[in-house]
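Participant: To start, I am sharing the structure in question, which I have written as C-alpha cells.
Protein chains: 2
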Amino acid sequence: MPGSGRQTSRPAAGPGGRSDGRSDGVDGAATGPSGRPATRPTSRDVAQLAGVSQSTVSLVLAGKWTGRVSPGTAEAVHEAAARLGYRPNQAARSLRLGRTRTVLLVLPTLSSPFFGALYTGAARVAAGHGFRIVVYPWPDGAGPADNPFAAPHEAIDGILASSMAVEALSEFRGTPVVMLDSDPAGAAPTVDFDVADGMRRVAGHVLGLGHRHVGHVAADVDEWTFRSRGRALAAAVEATPGGRLSRVTAAIDVAAARRAAGGLLRRPDRPTVLVCDDDQLAAGAYKAARELGLDVPAGLSITGFDDVLLATALEPELTTVRLPAEELGAAGMATLLEMLEGGAPRSRSLPGELVVRGSTAPPP
Amino acid sequence: MPGSGRQTSRPAAGPGGRSDGRSDGVDGAATGPSGRPATRPTSRDVAQLAGVSQSTVSLVLAGKWTGRVSPGTAEAVHEAAARLGYRPNQAARSLRLGRTRTVLLVLPTLSSPFFGALYTGAARVAAGHGFRIVVYPWPDGAGPADNPFAAPHEAIDGILASSMAVEALSEFRGTPVVMLDSDPAGAAPTVDFDVADGMRRVAGHVLGLGHRHVGHVAADVDEWTFRSRGRALAAAVEATPGGRLSRVTAAIDVAAARRAAGGLLRRPDRPTVLVCDDDQLAAGAYKAARELGLDVPAGLSITGFDDVLLATALEPELTTVRLPAEELGAAGMATLLEMLEGGAPRSRSLPGELVVRGSTAPPP
DNA sequence: CTGGATCCGTCATACGTATTACTTGGTGCG
DNA sequence: CGCACCAAGTAATACGTATGACGGATCCAG
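Okay, structure coming up:
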C-alpha cells in the first residue's frame, strides 16, 4: 500500500480510489497494535532522499557501480539508505532475478539433537551469505504423497538433503542438490562423515585394550553409513591375530538393542566388548549387561557411535565417536552455496573423533 | 545416520541410465520430456492453454469466481493448470499482496528433541495453510547483536516465539506475535503447558505413594515455567499433613544435578523422593543415588519432567510428565494463523500427562 | 569548431500475480 | 423499441527491483 510520498504515479483511479472498505476476511493484520503506518521504505524513497533516481540506488547498493556512479553520489545513497533503514524487498528481488536465496533442507526429523545441530551449522553458513533455510521434514520411507508437509516448490534455489533417495527429489528437477551423509557413489555431490575412519579408531581402541572377541550390535538399517561402519569394524578385527567378530542386528531402539545384545551375551563364549553402531543401541546394551549382572566396564566393555546427549547420561559414561553434526551442516551448506555461485561440485568427508570415557577397559 | 531409524534407502546410482558425468542437479534435464523450455509455467501459459485471459485464471484459481466465471470455463482452467503442473509463483504473489505466507519461528535451540518436536507440530499446521516456516535460532539471553543468524526482516507475516522476551522482538514492531510456553501475563497472546497442573499430578502421585519428605531438584533458571513448577509442588506438599519440602537448585545439566542431588541426599534426614524439574536433572539424580548406594526406586523415588528420549533410556525407566511439544507447536501456529486472518488473539493452555514408570515406589 | 570518447546517470521495462474498472453480447421489461 | 441490467469475461495496472538502452555534459584531438 502506498503510504508515503511517491510522485511517479498517475493513478488511474482518481482521488476517490482509496475508499475501498473491504471486509473480505483475507485482510487483517496489516497494521499492528502500535498503529504505525509501518510501510517499509523502498528504493524509490531512498532515491528521493538522496536526490537520485531509483536505478542509481539499485546500482549502488548492488555494489557494481564502478565507472557508472561517482563516489560522492554513491556515498549519498548509502547514507540515505542507512537513515531510512532500507532493506530491499525480497519478494521483488526474487521476482526480478528468478532466484530466491532460499535453500530447502530435507531431514528425516528434527526431533533429534543430531539433526538439530546439523540445522544450526547449515543456518549459520546460510545466514552469512544472506540465504534463508526452509526445513522440509521428510520421514524415512515416506513417499511424497504420505508427506504431511507441502513442499514449497516455487521458492528454492537449492537443496541440502539428508537421508533421502535422490530419486524422491524428482519433483525438483534441475535444482542443485547436495546430499548429506549418504552414499558418496551417488549422482549428487556429497558431504559425509568418514565413519569408516571413526570405526577404525574404535576398533583400534578396544583391540589395543586387549579385546579379541568383539561383539557388534549393528543397526538393522540398510543404509550406507551403517554398512560402512560394519565393513570397517570387520576389516579391523580380521586384520588382528586372534580377532573374532560376532554380529547381531537390532532396530535403532533401546528395547530392541537390549534384546539383541542380551542374545549375544548369553552365548557360551560371549564377546568381551560390544561395539554398537549407535549410542541408543549402546544404551540397550547397558541394560542387557545389567540384566545379566555384568559390570561395565570391568566385566564388559561397551562403545557407541555419534556422541549424543545420552552418552554422558549413561553410567558409566559411554566411550563413543563424536560426529560433528554442526560441521556437517555447515560444510554441506558451504558446498551448496559454492555450486549456486557456479563453482564445481565438490564432495567432502569429515573426520569423527574418538571420545574415550568410562565404558571401556581391558577384558576381564 | 544416527538415531533416525531409517528404512528405505538404496544406492542412488541405479541400474543403468545415470552414467553421465554430470553431478549437479537432481536430474540434468534442461527441457522436460515434452521438449518444453525449463521455465516454470505461469498463469499466462495456463490461460493460453485454456483459451482464456490471465485474469480469468487468477480469479478461478483464487476460488472466488462465483458469479463471474461460468462453471465450464472454470473447469477448463483447472484442467489446464493441472496439465501444466502450474504452481503460482510465490515471489510475485508476495510482491502483489504484501504478504509472504511465511512465519518466523524463534527457538533457543534446535539441538533438543523438545524443540524439534515443537517445530514439527508447527510445520504441520503451517503447511496445511500454505504457510512456510523459517526457523530463527535465538539462544537464551542473547541480544540481537550476538546473534549469528540474520533475521529475514522483510519476509514474514508473523512470529511464533519461544522463551524470549517480547521486547527483544522490537525489531519486528507491528508484526503479530504468539509466545510459546512463556509467562501468560505478558503482552502477547500465549500458548503454554499447564505445568502447574502437571506438577500437581506428580505431587499427587508421590504423596499418594506415602512420601512425606519431598526433595525438589529445581532448575536454576529464572523462567516462568520453572517458577510455576516450583510453586505448584510447594503448594501441594504444604497442603498435605506432615508434608515437608527440601529444595536445591542446579543448572540444567547432568553433572550439576548430580552434585546438587548428592548434597540433598547426604543430609541426615534425607527426602524419600526427588522431584526434578526436568528429565536431565533426574538423570543427575540417578547418578547421585547410585553414588550413595541407594536403589531406585526401593530406597529412593525419582521423578522427572518433559519425557524426553532420556526418560526411557534410564534404568529403571523414569516416571515423568509428558509435555506434548508437538501439540504446543501446532496450537501456537493455529493461534497465530487465526490472528493473521483477523481473528482475536486467544491464549491457551495444554495439559501434561503423568507417565508412571519404574522410578517411583512407596518410601522405604 | 566539430566529432567522437568518456563520465555519470536516468528511462523504461519486465518479472508474475491479484484486482479493479471496463467491455460485450444477450435478456427482460416497460 | 429502447433502456437497464446481468452474466461472463478481459484489459490495464501496480507491487519493488535489476538492468539494458539511452542521453546530456565535458573534454580532447584534429
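Chains A and B are the protein sequences, given in the same order.
Numbering of the first sequence is given in full-length UniProt numbering, commencing with residue 1 and proceeding in unit increments.
Numbering of the second sequence is given in full-length UniProt numbering, commencing with residue 1 and proceeding in unit increments.
Heads up, the beta-carbon is just placed ideally off N, CA and C, and yes, glycines get one too.
Taking beta-carbon pairs under 8 Å, can you tell me which members of the stretch 308-342 of chain B lie near chain A?
Facilitator: Leu309, Leu310, Thr312, Ala313, Leu314, Glu315, Met339, Leu340, Glu341 and Gly342
Participant: If you measure from the beta carbon of Ile252/B to each beta carbon in chain A, is any gap under 9 Å?
Facilitator: For the purposes of this step, residue 252/B is taken as residue 252 along the second sequence, with counting starting at 1. Not an interface residue.
Participant: So which residues on chain B does Pro271/A lean against when the C-beta distance must stay under 7 Å?
Facilitator: The count along the first sequence starts at 1 and reaches residue 271/A at position 271. Within chain B, no residue has its beta carbon less than 7 Å from that of Pro271/A; the closest one is some 21 Å off.
Participant: Just list the residues that DSSP pairs Arg322/A with in beta bridges.
Facilitator: As a position in the first sequence, residue 322/A is number 322, starting the count at 1. In DSSP, Arg322/A forms a bridge with Asp306/A and Glu353/A.
Participant: Gly358/B CB to nearest chain A CB: under 9 Å?
Facilitator: The count along the second sequence starts at 1 and reaches residue 358/B at position 358. No, its Cβ sits nowhere closer than 9 Å to a Cβ of chain A.
Participant: First and last residue of the alpha helix (DSSP H) that includes Gly263/A?
Facilitator: As a first step, residue 263/A must be located in the first sequence, where it is residue number 263. From DSSP, the alpha helix (DSSP H) with Gly263/A extends over Val254 to Leu265.
Participant: Quick check: the Cα distance between Gly210/B and Glu315/A, rounded to an integer number of angstroms?
Facilitator: Indexing the second sequence from 1 puts residue 210/B at position 210. Indexing the first sequence from 1 puts residue 315/A at position 315. One C-alpha to the other measures close to 29 Å.
Participant: Under the three-state reduction of DSSP, which class applies to Arg348/A: helix, strand or coil?
Facilitator: Locating residue 348/A in the first sequence gives position 348, counting from the first residue. Strand at Arg348/A.
Participant: Could you tell me whether the Cβ of Leu350/A comes closer than 9 Å to any Cβ of chain B?
Facilitator: Position 350 of the first sequence holds residue 350/A. Output row for Leu350/A: interface = no.
Participant: When the Cα atoms are used, what is the spatial distance from Gly174/B to Arg200/B?
Facilitator: As a working mapping, residue 174/B is identified with position 174 in the second sequence. As a working mapping, residue 200/B is identified with position 200 in the second sequence. Straight-line Cα distance between these residues: approximately 38 Å.
Participant: Return the CA-CA distance between Leu310/B and Thr360/B, expressed in angstroms with no decimal places.
Facilitator: Residue mapping note: residue 310/B aligns to position 310 of the second sequence, counting from 1. Residue mapping note: residue 360/B aligns to position 360 of the second sequence, counting from 1. Rounded to whole angstroms, Leu310/B to Thr360/B spans 16 Å at the Cα level.
Participant: Using a Cβ-Cβ cut-off of 6 Å (strictly less than) and excluding sequence neighbours within five positions of Leu336/A, which residues of its own chain qualify?
Facilitator: Within the first sequence, residue 336/A is the residue found at index 336, counting from 1. Hits under 6 Å: Gly158, Leu160 and Val178.
Participant: Go ahead and pull the three-state DSSP assignment for residue 400/A.
Facilitator: Examination of residue 400/A is not possible in this model, given that chain A is present from 1 through 364 alone.
Participant: Give me the DSSP bridge partner(s) of Thr190/A.
Facilitator: As a first step, residue 190/A must be located in the first sequence, where it is residue number 190. DSSP output for Thr190/A lists Met179/A as bridge partner(s).
Participant: Under a Cβ-count criterion, where at least 16 other Cβ atoms within 10 Å of its own Cβ denotes burial, should Thr66/A be classed as buried or exposed?
Facilitator: Along the first sequence, one-based indexing puts residue 66/A at 66. Flag for Thr66/A reads exposed.
Participant: Quick check on the burial criterion: 16 or more other C-beta atoms within 10 angstroms. Buried or exposed for Ser19/B?
Facilitator: On the second sequence, residue 19/B is found 19 positions in, with the first residue counted as 1. Since pLDDT at Ser19/B reaches only 33, below the 50 mark, its modelled position is unreliable, and the value read off the structure follows with that caveat. Ser19/B comes out exposed.
Participant: By a C-beta neighbour count over all protein chains shown, 10 Å radius and 16 as the cutoff for buried, is Lys64/B buried or exposed?
Facilitator: Residue mapping note: residue 64/B aligns to position 64 of the second sequence, counting from 1. Label assigned to Lys64/B: exposed.
Participant: Specify, as a first and last residue, the run of the alpha helix (DSSP H) that Tyr286/B falls within.
Facilitator: Position 286 of the second sequence, counted from the start, is the residue given in the question as residue 286/B. Counted as a single uninterrupted DSSP element, the alpha helix (DSSP H) harbouring Tyr286/B occupies residues Asp279 to Glu291.
Participant: Can you tell me whether Glu238/A is buried or exposed? The criterion is at least 16 other CB atoms within 10 Å of its CB, across all chains shown.
Facilitator: Position 238 of the first sequence, counted from the first residue, corresponds to residue 238/A. Per the 10 Å Cβ criterion, exposed.
Participant: Per the DSSP calculation, Gly158/A is bridged to which residue(s)?
Facilitator: Within the first sequence, residue 158/A is the residue found at index 158, counting from 1. DSSP output for Gly158/A lists Val103/A as bridge partner(s).
Participant: Any idea if Ser301/A is buried or exposed, counting beta-carbon neighbours within 10 angstroms, 16 or more meaning buried?
Facilitator: In the first sequence, residue 301/A corresponds to position 301, counting from 1. Per the 10 Å Cβ criterion, buried.
Participant: Please state the DSSP three-state secondary structure of Tyr86/A.
Facilitator: Working through the first sequence from its first residue, we reach residue 86/A at position 86. If DSSP states are grouped into helix, strand and coil, Tyr86/A belongs with coil.
Participant: Between Thr225/B and Asp279/B, is the Cβ-Cβ spacing less than 9 Å?
Facilitator: Numbered from its first residue, the second sequence carries residue 225/B at position 225. Numbered from its first residue, the second sequence carries residue 279/B at position 279. No, the Cβ-Cβ distance between Thr225/B and Asp279/B is not below 9 Å.
Participant: If contact means a Cβ-Cβ distance below 8 Å, which residues of the stretch 106-121 of chain B contact chain A?
Facilitator: Thr109, Leu110, Ser111, Ser112, Pro113, Phe115, Gly116, Ala117, Tyr119 and Thr120
Participant: Can you find a CB in chain B that lies within less than 9 Å of the CB of Lys64/A?
Facilitator: Residue 64/A sits at position 64 when you count from the first residue of the first sequence. By this cut-off, Lys64/A is not an interface position.
Participant: Following the continuous beta strand (DSSP E) through Gly135/B, name the residue where it begins and the one where it ends.
Facilitator: Here residue 135/B refers to the residue found at position 135 when the second sequence is read from its first residue. The question names Gly, yet the displayed sequence has Val at residue 135/B. Taken as a continuous stretch (DSSP letters only), the beta strand (DSSP E) holding Val135/B covers Arg132 to Pro137.
Participant: Only counting the same chain, and skipping five residues up and downstream in sequence, which positions put a Cβ closer than 8 Å to that of Tyr119/B?
Facilitator: Translated into the one-based positions of the second sequence, residue 119/B becomes position 119. Hits under 8 Å: Leu105, Leu107, Leu110, Ile133, Val135 and Gly329.
Participant: So, helix, strand or coil for Arg96/B, using DSSP?
Facilitator: One-based indexing of the second sequence puts residue 96/B at position 96. In the structure shown, Arg96/B sits in a helix (DSSP, three-state: H, G or I).
Participant: Kindly identify the DSSP beta-bridge partner or partners of Val217/B.
Facilitator: As a working note, residue 217/B is residue 217 in the second sequence. BP columns for Val217/B point to Val248/B and Cys276/B.
Participant: Report yes or no: is there a C-beta of chain B within less than 9 Å of the C-beta of Pro363/A?
Facilitator: Working through the first sequence from its first residue, we reach residue 363/A at position 363. Not an interface residue.
Participant: Could you confirm whether any beta carbon from chain B is found closer than 9 Å to the beta carbon of Ala82/A?
Facilitator: Along the first sequence, read from residue 1 onward, the residue named residue 82/A stands at position 82. Chain B places no beta carbon closer than 9 Å to that of Ala82/A, leaving this residue out of the contacts.
Participant: Compare the Cα-Cα distances from Leu245/A to each of Ile252/A, Asp253/A, Ala236/A and Ala251/A and report the closest residue.
Facilitator: The residue labelled residue 245/A in the question sits at position 245 within the first sequence. Among Ile252/A, Asp253/A, Ala236/A and Ala251/A, the Cα nearest to that of Leu245/A belongs to Ala236/A.
Participant: Which same chain residues, not among the five before or five after Leu84/A, have their C-beta less than 7 Å away from its C-beta?
Facilitator: Residue mapping note: residue 84/A aligns to position 84 of the first sequence, counting from 1. Contacts found: Pro41, Asp45, Val46 and Leu49.
Participant: Spatial neighbours of Ala331/B within its chain, please: CB distance less than 7 Å, with the 5 preceding and 5 following residues excluded, ordered by chain position.
Facilitator: Here residue 331/B is taken as the residue at index 331 of the second sequence, counted from 1. Answer for Ala331/B: Val191, Arg348 and Leu350, listed in chain order.
Participant: Using only the alpha-carbon positions, how far apart do Ala155/B and Glu79/A sit?
Facilitator: What you label residue 155/B is simply residue 155 of the second sequence in a count that begins at 1. What you label residue 79/A is simply residue 79 of the first sequence in a count that begins at 1. Near 24 Å, if we compare the C-alpha coordinates of Glu79/A and Ala155/B.
Participant: Pull up the distance between the alpha-carbon of Ala76/A and that of Val103/A, whole angstroms please.
Facilitator: Position 76 of the first sequence, counted from the first residue, corresponds to residue 76/A. Position 103 of the first sequence, counted from the first residue, corresponds to residue 103/A. Ala76/A and Val103/A: Cα-Cα distance of roughly 34 Å.
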